[in-house]
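Chains as they are written, first to last, in UniProt numbering: chain Z, 1 to 292; chain S, 1 to 292; chain F, 1 to 292; chain H, 1 to 292. Here the structure comes first, spelled out in structure tokens, and everything after it is commentary.
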């Protein structure tokens, strides 16, 4: 748990397993044995499902225990405790595929955060159902752009094309940055757990189309946005992050759309950050999010 | 628009009417003519419905124009502009009837605000479907308590009893301060526009029973409460005020209920304050709320 | 107070004057006489200073009363009531001069809002004490860029150059979008009331340099940002808008800086919007902000 | 880390020590050895001070390891790691002494939360510089009331009396629930770390007297409240919790005071909850607060 002058590699370990005594002791003991220093640790004991969740950040001096050795040791523990686990080297930036329709505020925001080094991702592609000239004012800084128009007839083929792009680019995460095409059940299922969507309402209120118009019609006094993992059920995926802003009777649907842009972009950016920092673990229809 | 050393009576005028030119000029001209000084004025021009809404606070030196004279002048304007209007003397505290079930946090909060002079109301009765000894720890400071137990069979009779209490007490407003009995359609309709309910969710999410358990199951990251006017449709009345607090995966339904108490009591207190300061006007299924 | 099928010109009138009876009646009467339909009106009666403030939005059918005629009528009223007033045609986009140092998040955000039509401004210049290549990644969409480096010796000359740019460009507003040079007293005074600064703390806490490091050292649980008019006293100008976000003990100064970027850009954007929609009136060391 | 059908005793262990490898492994290993099941654990590695902080909640089956045995084992670890630590049985309600002046909203709120079982404390006394009849409307439910008036001359004697009350009552925590007397340096020092104060401003803004009037004069757009541990320096103690609400130009100092009551009571209640749940550890002039 201390820093030293030797260069360190930082790892993030996330895990979940049936709860039983001794998990923390076993893991922290093993990490100590492997000369790993824990710098952050968060855990959650779900009393309902009796599942145990943990996120551990630790450092290993370069030249000591290798990632391969860590994985082997964790595999042993994983078997003992029936553990789902993942180990990430924090210096490796996750590859992401961005999907967008006409409204580009979330895309522009994510690209800005990436460009100034705030968001440690590697964007490997931008997919849109609109052509490149819709984004004529935007510099994509060399990120490949793919125009993938979708009609009822072409949807299966075009979704297959996106999955191909995903595979060929090595992206581990798809971000639906206001991508307004409804995914097929098959596509949604195949992206399950590795795709984050931003919905422009405070779910579960105002599912479906034109949520700001719905919110206006209902006369709510706060509007919101919701970032969630994509699952088969539209707008029903595990929620990662939500936020709201106050509105009044004097705000029109256009005002709500304008204010919503601010909420959407910050909610999506936070959710992406939580994901790539390995702070999120899916827990059935909900999420565990280990924030600071 | 100025204060003077002469004692002043302060009035609040609220109105709505079909929008057309000249309303503000006519009203402000008439008030000037009657020696009334406007100290606050707020208006809202609903472009959808083309209805115009206004709230005016004005002062009249005591001994000058009487309330009767004001009403007569407003009646003339009301006819010209097809205006719904109401005039209140701000020094008269509105009589309210409070209804509560087992959970008393909203009731206790409203009584506290009343007792220290923060909320200028006159509570004329407390109605509960639970007996007085459920509230044994509470001092009701002389406010009459009415035990009105409700079963399926007795509901019509007991609702009639509440309406009688309302009439005989002269209360203009019923506050459902976590009153957990569903009102009959008839009762709801007869209280329409003069009854405020606090619902323990961020509507339209989680209507109906046990909203905190619903919120927990859905895995939302913020919970809320909603104060609304009662109408025939349960949980569909015009919303007056809402607020939220952040929660995490580590919060149990009991934690949500605990945090919810704080949200509910402040949301209800704000809504009641807006109502008795005549800041709210119902606009179809929504409200106009002229906040500061 | 109503819309018609004839093309309308929309005006915003803002005014302040010593409070006395009859102001609203006089203005609304005069506007009615001039065939102007009031669509929004907000007023504030400052009981401390006995100054009256008002903002009125009204429409005039094109071909009817001209701006010149409106100004003449208002000049008469202005004399009668000793009124400071300003009349703006809402279709004319205010010219603004943007000033920035190395951190460009506020600049990028304002340019984005302008580009998509959210913020009706006309940027006429970008001034920085850093050279253009610091912003190599940014497209300025043809807005002239001026590199105005500042040293202790050159400050008077360079400030004069900025004032020249301001005059020659016809800009009515200077926006200090994280411009980190301290203005001289003379410069601050000459920009008084027509320059908005974003300070990266919740004023009056943490004035001066490195506010996020100050906030970290003090151990506050919320950080904020403040947009204010520039006056002679650094960080003491009238506040237009503030906002905050929650932090914890686990956040480093770098985390605060990152979170602060989000707060700063939305606070500055709101303040600029309030200004150009003529919702702000300076009231001594404070502001009146007529929000919706 | 699991619950069983045997009755369990729940303990909360908090600790801080110089950071070095092996702390978590040593503690979790020792707890496993003692048949203690960890149900919650949070840690913080302060990179600045190189101090490590931890909070662990664990269960022990009744009849197994005793508190005495736990303490002995922890004492050994405490020596090895130069650890400050504290062990609390969660079923033991902390005794608290409440101090209040004329404004009783925080006191009433804390007593309500205690009475309904929300706040697991045992109030052992209420101290006020005002006599009992100032609180004539309040039921203190048998909690001893002590009128301790303070003048310049009597302050030393009266502070000694409060310290006596503290000692004789066995209270571990003093809560200044809007107690408006400035403590002497000696008194503040002797209460250091075991006294929570609510200050009615968003510190570090508006220290000292009449903060809402200061806030009004400065024209801020949000007001707040701050709960902090008392230290020798007035208003400079480690902050536990803060919150804010939005205000506008139209709010008077009295409005701020009214809105402030809501902020103060929820901020103080949260801070007290954090303290008694052993979520707070003082870290120099700051706090570590392990929230959920």
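Glycine residues also receive a C-beta, built at the ideal position from the N, C-alpha and C atoms. Given the structure is predicted, the values throughout are model-derived calculations rather than measurements.
Classification of residue i by the beta-carbon crowding that lies within 10 angstroms, buried from 16 upward
| i | result |
| --- | --- |
| residue 151 of chain F | exposed |
| residue 275 of chain S | buried |
| residue 139 of chain H | exposed |
| residue 67 of chain Z | exposed |
| residue 168 of chain H | exposed |
| residue 221 of chain H | buried |
| residue 50 of chain S | exposed |
| residue 149 of chain S | exposed |
| residue 141 of chain Z | exposed |
| residue 91 of chain S | exposed |
| residue 205 of chain H | buried |
| residue 283 of chain H | buried |
| residue 25 of chain H | buried |
| residue 57 of chain F | buried |
| residue 79 of chain S | exposed |
Min CB distance residue i to chain H below 8 Å
| i | result |
| --- | --- |
| residue 241 of chain S | no |
| residue 1 of chain F | Confidence at residue 1 of chain F is low in this model, with a pLDDT of 43, below 50, so the placement of that residue should be treated as unreliable; the coordinate-derived value is given next. It does not; no Cβ of chain H falls within 8 Å. |
| residue 52 of chain F | no |
| residue 244 of chain F | yes |
Short CB-CB distance (under 8 Å) between residue i and chain Z
| i | result |
| --- | --- |
| residue 287 of chain S | yes |
| residue 37 of chain H | yes |
| residue 250 of chain S | yes |
| residue 102 of chain F | no |
| residue 158 of chain H | no |
| residue 292 of chain F | yes |
| residue 44 of chain S | yes |
| residue 11 of chain H | no |
| residue 129 of chain S | no |
Short Cβ contact (8 Å threshold) for residue i with residue j
| i | j | result |
| --- | --- | --- |
| residue 98 of chain H | residue 107 of chain H | yes |
| residue 249 of chain Z | residue 44 of chain S | yes |
| residue 225 of chain S | residue 109 of chain S | no |
| residue 23 of chain Z | residue 52 of chain Z | yes |
| residue 267 of chain F | residue 175 of chain F | no |
| residue 297 of chain F | residue 198 of chain F | Because residue 297 of chain F is not part of the residues shown, which for chain F are 1 to 292, the question remains open. |
| residue 10 of chain Z | residue 72 of chain Z | no |
For residue i, three-class secondary structure by DSSP
| i | result |
| --- | --- |
| residue 29 of chain F | helix |
| residue 45 of chain H | strand |
| residue 149 of chain Z | coil |
| residue 248 of chain F | coil |
| residue 230 of chain F | coil |
| residue 95 of chain H | strand |
| residue 54 of chain H | strand |
| residue 1 of chain H | Residue placement at residue 1 of chain H is poorly supported in this model, since its pLDDT is 43, which falls under 50; the coordinates still yield a value, given next. Of the three classes helix, strand and coil, the one that applies to residue 1 of chain H here is coil, per DSSP. |
| residue 235 of chain S | coil |
| residue 208 of chain H | coil |
| residue 20 of chain S | coil |
| residue 261 of chain S | helix |
| residue 286 of chain H | strand |
Residue-level contact to chain S via CB, residue i, 8 Å cutoff
| i | result |
| --- | --- |
| residue 71 of chain H | no |
Residue-level contact to chain F via CB, residue i, 8 Å cutoff
| i | result |
| --- | --- |
| residue 41 of chain S | yes |
Chain-ordered residues of the region 253-281 of chain H with a beta carbon less than 7 Å from chain S: The region 253-281 of chain H vs chain S, Cβ under 7 Å: 258, 262 and 266.
Could you list the residues in the region 180-209 of chain F with a C-beta less than 9 Å from some C-beta on chain H, going in chain order? For the region 180-209 of chain F, the set of positions with a beta-carbon nearer than 9 Å to some beta-carbon of chain H reads 202, 203, 204, 205 and 206 in chain order.
Please name the residues in the region 14-31 of chain H whose beta-carbon is closer than 8 Å to at least one beta-carbon of chain Z, in chain order. Of all residues in the region 14-31 of chain H, only 19, 20, 21, 22, 23, 24, 25, 28, 29 and 31 come within less than 8 Å of chain Z when Cβ atoms are compared, listed by chain position.
If the cut-off is 7 Å on Cβ atoms, which residues from the region 217-237 of chain F count as contacting chain H, listed in chain order? Those residues of the region 217-237 of chain F that come within reach of chain H (Cβ to Cβ, closer than 7 Å) are 218, 219, 220, 221 and 222.
Using Cβ-Cβ distances below 7 Å, what residues of the region 100-125 of chain F are close to chain Z? Residues 108, 112, 115 and 118.
Looking at chain Z, which residues of the region 131-163 of chain F have a Cβ within less than 8 Å of any of its Cβ atoms? Of all residues in the region 131-163 of chain F, those with a C-beta nearer than 8 Å to a C-beta of chain Z are 137, 139 and 141, reading in chain order.
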